[in-house]
Amino acid sequence: MHYPTRHPLPTLEDRIVTHLSFSPATRSQLCEALDTSRTNLGRALTTLLDEGSVVPVRSNAPGRGRPTQLLTLNASAAHAVGLLVTRTSCAAVMLSRSGTVLASAHIVSPASPTLLGCLEQTCEALSASATSQGIDVSRVRAVGVGAPIPMGRHARVASDAYPSVEDVASVTGRWWQAVPVVDNTVRMAAFAEGLWGAGSGMSSFIYLRLSGGVGGCVVSDFRLVGGATGLAGELGHITVAGNDALCGCGKRGCVETLASVPALCERAGARDLRELRAAVHADDERALAALEGAARAIGYVLGSAALLINPKAIIVAGEIVDAFPQIKEDIAAHMRAELLPVMEWDIDVVAASLGPLGAAQGCAYIAAHPSGDEDADRERTPHRGGATASPGVGVRAGGEHS
Ligand SMILES: [Zn+2]
Numbered sequence: 011m012h013y014p015t016r017h018p019l020p021t022l023e024d025r026i027v028t029h030l031s032f033s034p035a036t037r038s039q040l041c042e043a044l045d046t047s048r049t050n051l052g053r054a055l056t057t058l059l060d061e062g063s064v065v066p067v068r069s070n071a072p073g074r075g076r077p078t079q080l081l082t083l084n085a086s087a088a089h090a091v092g093l094l095v096t097r098t099s100c101a102a103v104m105l106s107r108s109g110t111v112l113a114s115a116h117i118v119s120p121a122s123p124t125l126l127g128c129l130e131q132t133c134e135a136l137s138a139s140a141t142s143q144g145i146d147v148s149r150v151r152a153v154g155v156g157a158p159i160p161m162g163r164h165a166r167v168a169s170d171a172y173p174s175v176e177d178v179a180s181v182t183g184r185w186w187q188a189v190p191v192v193d194n195t196v197r198m199a200a201f202a203e204g205l206w207g208a209g210s211g212m213s214s215f216i217y218l219r220l221s222g223g224v225g226g227c228v229v230s231d232f233r234l235v236g237g238a239t240g241l242a243g244e245l246g247h248i249t250v251a252g253n254d255a256l257c258g259c260g261k262r263g264c265v266e267t268l269a270s271v272p273a274l275c276e277r278a279g280a281r282d283l284r285e286l287r288a289a290v291h292a293d294d295e296r297a298l299a300a301l302e303g304a305a306r307a308i309g310y311v312l313g314s315a316a317l318l319i320n321p322k323a324i325i326v327a328g329e330i331v332d333a334f335p336q337i338k339e340d341i342a343a344h345m346r347a348e349l350l351p352v353m354e355w356d357i358d359v360v361a362a363s364l365g366p367l368g369a370a371q372g373c374a375y376i377a378a379h380p381s382g383d384e385d386a387d388r389e390r391t392p393h394r395g396g397a398t399a400s401p402g403v404g405v406r407a408g409g410e411h412s
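This is the structure we're talking about:
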């Protein structure tokens, strides 16, 4: 999917919701305030009343003729759910129609060893949080899921090592009926950075996450680039010269074998990130060499990617960036060495500014805001019904919540 990373112009539904978030209003008042016809207002209100985001309140004024119907926001009704599952933590949010976070959950080190188990635990935690606050979850219209697997809309994964989109849908379906929009965790996090974080207002940037693996994503001309089959941005699996370590993807020499948390710890002779940090602070030569090797490899990959899309910035995220903030400068120096010296590039390397809950919010936003790419995507895929694109499952639920 090519999700737009710029806020779209508000629809009439959005404007009604914003207006009612300040105070209840009658239909006549809404028509006047929003400068729209009774017919258009009625159409937009039908959607909002059907989904339960707006509710009528009868205001009886004794002895003054017909009672007036006031419309108000149903502040406790959940509209969208966002779920973000990574190998090390999970986050979830539940949003109202106006985008307010009604409930959230954050699980560090989820108990289950499987992705679906982690997803289940996350759904359960979010549901419990919503129930304890008396939130009405019967009207959830949109569910977005970020999972650490290559499952862009048109991705065809040549492996059964990952759960399918149908598997994901069967888990979320036990809590919320809406067909989930599923995409890769890194892409969801990058999308959120583009909307509200370090990439806000930037037309083009590269997002790179250094965590259990190395995941990348490209935003070009305010669009999260998916490519022909949803797999664009797999920067972690670009081969780095002089490296023949076997990668989890089955290939040798990927940057992930130098710059993921497990790879970096192994090369530094540390059992975990805490030990690695202690070794680096103690100027341990092996640890410093491993960190420098990672920065050099990442800089090389980012330099090549930058030549391709000319980004405004590189946004780096993940536990390695959190543990060693100065790695940004090292990465930037190595990246600049790959760029053409005769041209002015002016590319900043900055840290991501949103946490996992922000990324989960991105999942909910994507699900609740179907983009105009639907028709184009339909044209591109005349043969629906493949392993990961069967009708009604695993694709954006545009018809479900419009
Ligand atoms: Zn690889």
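Going by our numbering, the sequence shown opens with residue 11, and the numbers climb by one from there. Even for Gly, the Cβ is constructed at its ideal location relative to N, Cα and C. The structure presented is a predicted model; accordingly, all values stated were derived computationally and were not measured.
Go to residue i, then tell me how far its alpha helix (DSSP H) extends in each direction, as first and last residue.
i: M345; result: I337 to R346
i: Y310; result: E295 to I319
i: F232; result: Per DSSP, F232 belongs to no alpha helix (DSSP H) and is neither H nor E.
i: C257; result: Here C257 belongs to no alpha helix (DSSP H), and DSSP marks it neither H nor E.
i: G92; result: No alpha helix (DSSP H) holds G92; the beta strand (DSSP E) holding it covers A90 to V95.
i: H291; result: L283 to H291
i: Y217; result: Counting along the chain, Y217 falls outside any alpha helix (DSSP H), though it belongs to the beta strand (DSSP E) covering F215 to L220.
i: C100; result: No alpha helix (DSSP H) contains C100, which is instead part of the beta strand (DSSP E) from S99 to L105.
i: V178; result: V175 to T182
i: L44; result: R37 to L44
i: E145; result: The question names Glu, yet the displayed sequence has Ile at residue 145. Looking at the DSSP string, I145 is not in any alpha helix (DSSP H), and its letter there is neither H nor E.
i: C416; result: Absent from the model: residue 416. The displayed extent of the chain is 11 to 412, so no value can be given.
In angstroms, rounded to a whole number, what distance separates the CA positions of residue i and residue j?
i: V147; j: P160; result: 30 Å
i: R68; j: T36; result: 10 Å
i: E203; j: T78; result: 44 Å
i: S99; j: I117; result: 6 Å
i: L367; j: V111; result: 10 Å
i: L22; j: A54; result: 7 Å
i: R233; j: Y217; result: 13 Å
i: G226; j: R277; result: 22 Å
i: V64; j: P190; result: 23 Å
i: Q131; j: G240; result: 27 Å
i: P20; j: L274; result: 45 Å
i: V95; j: A157; result: 5 Å
i: P123; j: L283; result: 20 Å
i: A304; j: A140; result: 42 Å
i: L44; j: A135; result: 39 Å
i: R25; j: P272; result: 48 Å
i: H379; j: L317; result: 32 Å
i: P353; j: T249; result: A quick correction: the sequence has Met, not Pro, at residue 353. Roughly 26 Å between the two C-alpha positions.
i: G313; j: D340; result: 13 Å
i: D356; j: L350; result: 12 Å
i: A300; j: V178; result: 37 Å
i: G207; j: V235; result: 18 Å
i: I319; j: S47; result: 45 Å
i: H12; j: H291; result: 42 Å
i: L205; j: E329; result: 22 Å
Could you check whether the Cβ of residue i sits closer than 7 Å to any heavy atom belonging to ligand 2?
i: G240; result: Of the ligands one can find in the structure shown, namely ligand 1, none is ligand 2.
For residue i versus residue j, is the C-beta distance shorter than 8 Å?
i: V153; j: T182; result: yes
i: M212; j: A323; result: yes
i: C373; j: L93; result: yes
i: A87; j: S106; result: yes
i: S221; j: S270; result: yes
i: A315; j: K338; result: no
i: L83; j: V175; result: no
i: E61; j: R184; result: no
i: V192; j: V265; result: no
i: L416; j: L58; result: Because the chain is modelled from 11 through 412, residue 416 falls outside the range shown and cannot be assessed.
i: V228; j: A242; result: yes
i: A188; j: R151; result: yes
i: A307; j: A280; result: no
i: R262; j: L256; result: yes
Taking residue i as part of the beta strand (DSSP E), name the residues at either end of that continuous run.
i: V155; result: A152 to A157
i: F201; result: Where F201 is concerned, there is no enclosing beta strand (DSSP E), although the alpha helix (DSSP H) it sits in stretches over T195 to W206.
i: H17; result: Careful: H17 lies outside any beta strand (DSSP E) and carries neither H nor E.
i: Q371; result: Run containing Q371: none in the beta strand (DSSP E); it sits in the alpha helix (DSSP H), P366 to A378.
i: D358; result: D358 to A361
i: S114; result: V111 to V118
i: T82; result: T78 to L83
i: A323; result: A323 to A327
For residue i, would you say it is in contact with chain D, using Cβ-to-Cβ distances shorter than 8 Å as the test?
i: G309; result: Checking the listed chains, one finds no chain D in this structure; it contains a single protein chain.
Which residues count as close to ligand 1 when the rule is a CB under 6 Å from any of its heavy atoms, in chain order? H247, C257, C259, K261, C264 and E266
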